[in-house]
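Input: a single structure, listed below in C-alpha cells.
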Amino acid sequence: MRILSFIKRFTLIEMLFVISIIGILTGILLPSLVKSRERAKSVRWLASNELWNRDSDTILNFNFEYVGYMVNYRGTVFPGLRNGAVGCGVTGFEPPLYDGVLVGGPELKKKCGRWGSNNALQFDGVNDFVLIPGTKALNFDPGKDDFTFILWFNLDNLNSSTKTFFSKADLPAGSQYDASLESKTISVGLGTSSTPAEYPDIKENKWINLAIRCSAGKTAIFMNGKQIGGSPQSAAAQQAFDTSTLAMIKIPFEIFSVAQSSNSNAGGQGGGQGGGQGGGQGGGQGGGQGGGQGGGQGGGTSTQSVSHANFVLGASGISGESDISGTTIKVQNTSYYFQGMLDEVIVIKRTLSDGEISGIYKMGNPY
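Position one of the sequence shown corresponds to residue 1 (our numbering), numbered consecutively onward.
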C-alpha cells in the first residue's frame with residue numbers, strides 16, 4: 001500500500017501574523033537595545049574622563065555630573081562646577097580654587113549632554129559665564145609653555161555673532177590665550193597672535209569636539225579628532241606617542257582599543273574678537289586696542305600684564321569689574337558670550353599628540 005504524506009504550509013494570513021508579531025517585538029525591544037548601547041558608551045566615557053583626574057598635568061576637568069554643587073567665592077556661596085583634577089601636580093595647587101563659579105545663571109541641564117544620560121551646561125549668549133577664581137596654575141606663557149584644551153560644544157545657532165569658548169584676557173590691555181567662534185571660523189589667540197581655522201561641518205544642535213594644542217607659541221586646532229588649522233605635529237612628537245601614549249594618558253589598553261574601533265564614522269571676522277575695542281577685526285581676541293588687523297599680529301601689551309585675569313568659560317574677559325547680580329561681589333567684566341551647550345571641558349599642562357587627541361574624540365563620540 002502506498003502511503004502519502006502531506007506537508008502543511010503556512011497560509012498567507014499566518015505568515016503576515018508572524019511578521020506582525022516580530023515587528024511588534026522589534027518595536028518594543030529595539031529602543032531599549034539602543035539606550036543600553038548608548039548607556040554603555042556613556043559609562044565607558046565617564047571612566048576615561050575620571051582617569052584624567054589622576055593625571056598630574058590635568059588642571060581643569062569639568063564633566064558637569066555634580067548636580068547641586070556649591071562654591072564659596074569671596075565669602076559668598078554660589079552655584080558652581082566641581083573641578084575633578086584632584087591629581088594635579090602643580091606646586092601649591094588647591095582644587096577648590098579651580099572650581100567654577102556660575103555667574104549670570106548658566107543652566108546645568110540634566111540628561112541633555114551628548115549621551116542623553118549625562119548633563120551639559122547651557123549658556124544663553126547674553127550675560128552668563130563660568131569664572132575660575134584660581135589663576136596661578138592657568139598662567140601659561142603662550143610663547144614658552146605647552147598646554148592643551150579639550151571640550152565638546154553644541155550650538156544653538158550659527159549666526160555671525162562672536163561666541164567665546166574660553167579666555168584668560170583683560171581686553172583691550174591684552175590676552176594670554178582665548179578661543180572663539182564666528183560663523184564657521186574658529187579663532188585661537190595666543191598673546192598677540194591669532195590662528196584662524198574654518199570648519200564647514202559645524203552645524204546647529206550637533207555635538208562637536210574641539211581640541212587646541214599650544215606648544216611654545218605654535219597652535220594646532222582640531223575638530224572631531226582631525227587637525228583643521230595651525231602648525232602640524234613634529235615627527236618626533238608623534239613617534240613619542242606611538243611608543244608611549246598608553247602610559248602617558250593612563251587609559252587601560254582595553255578601553256583605548258574600544259575607542260579606536262568604535263564610532264569609526266566619524267566665515268566671520270576670520271579671527272574672532274580681535275584686539276579689543278575698536279580694532280579687533282580678523283585678529284583673535286588677543287592683541288590690544290586697535291590691534292589684530294588681518295588675522296595676524298595684534299600689538300598691545302605683554303601677556304604678563306594680564307596674568308591677574310581669571311580663566312573664563314563662555315565669555316571673553318574685558319577691562320573693569322562689575323557686581324554679580326544681587327550681591328556686592330565684584331567680578332571681571334566680560335563680553336562676546338557663548339550661546340549653546342558645553343559638555344566636558346579639560347585643560348592639560350602639556351601638549352597632547354595627534355593620536356591622543358584622536359583617541360579622546362573617539363572615546364567621547366556619541367554618534
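We put the CB at the ideal spot given by N, CA and C, even for glycine.
The structure presented is a predicted model; accordingly, all values stated were derived computationally and were not measured.
- For Gly-355, no beta strand (DSSP E) run applies; the uninterrupted alpha helix (DSSP H) run containing it begins and ends at 354 to 364, by DSSP.
- Pairing Ser-183 with Gly-125, the inter-Cα distance amounts to about 14 Å.
- Using a Cβ distance threshold of 9 Å, Val-67 and Leu-108 count as a contacting pair.
- Residue burial annotation: Thr-351 is buried, with at least 16 other C-beta atoms found within 10 angstroms of its C-beta.
- Assignment of beta-bridge partners to Leu-181 by DSSP yields Lys-163 and Ile-186.
- In this chain, the beta strand (DSSP E) harbouring Glu-344 covers 339 to 348.
- Distance from the CA of Leu-171 to the CA of Ala-309, rounded to the nearest whole angstrom, comes to 10 Å.
- Between Arg-114 and Asp-343, the gap from beta carbon to beta carbon is short of 9 Å.
- The beta carbon of Ile-202 lies closer than 6 Å to those of Lys-184 in the same chain, with the five residues before and after it left out.
- Your pair Gln-122 and Met-363 does not check out as a contact, with CB atoms roughly 24 Å apart and the cut at 8 Å.
- With contact defined as three or more Cβ pairs closer than 8 Å, the segment 137 to 151 and the segment 204 to 211 are in contact.
- Here the C-alpha atom of Tyr-73 lies approximately 19 Å from the C-alpha atom of Ala-85.
- For Glu-204, DSSP records a beta bridge to Leu-155.
- Three or more beta-carbon pairs separated by less than 8 Å link the segment 93 to 109 to the segment 131 to 148, which places the two stretches in contact.
- For Ile-132, the enclosing beta strand (DSSP E) starts and ends at 129 to 132.
- If you look at Phe-64, you'll find it isn't in any beta strand (DSSP E); DSSP assigns it neither H nor E.
- Residue burial is scored here from C-beta neighbours: Pro-232 has fewer than 16 other C-beta atoms within 10 angstroms and is therefore classed as exposed.
- Its chain contains no residue whose beta carbon lies nearer than 8 Å to that of Ile-22 once the 5 sequence neighbours on both sides are disregarded.
- Exclusion of the five residues before and after Ala-137 leaves Ile-59, Val-90 and Phe-93 as the residues of its chain whose Cβ lies within less than 6 Å of its Cβ.
- In terms of Cα proximity to Pro-196, the closest of Ser-167, Gly-229, Leu-102 and Ala-173 is Gly-229.
- For Asn-333, the secondary structure class from DSSP, reduced to helix, strand or coil, is strand.
- Secondary structure of Lys-111 (DSSP, three-state): coil.
- An exposed status is given to Phe-17, since fewer than 16 other beta-carbon atoms sit within 10 Å of its beta-carbon.
- Annotation: the continuous beta strand (DSSP E) that includes Leu-313 extends over 311 to 313.
- Distances from the alpha-carbon of Lys-330 to those of Ser-20, Glu-38 and Thr-76 put Thr-76 closest.
- In the structure shown, the three-state DSSP call for Thr-26 is helix.
- Within the DSSP secondary-structure output, Phe-93 pairs in no beta bridge.
- Of the residues Ile-19, Pro-142 and Arg-9, the one whose Cα lies closest to the Cα of Cys-214 is Pro-142.
- The beta carbon of Ser-117 sits closer than 8 Å to those of Glu-38, Arg-39, Ser-42 and Lys-111, all from its chain and outside the five residues before and after it, given in chain order.
- One alpha carbon belongs to Asp-145, the other to Lys-168, and they sit about 15 Å apart.
- Distance between Ile-318 and Cys-88, taken at the CA atoms: about 28 Å.
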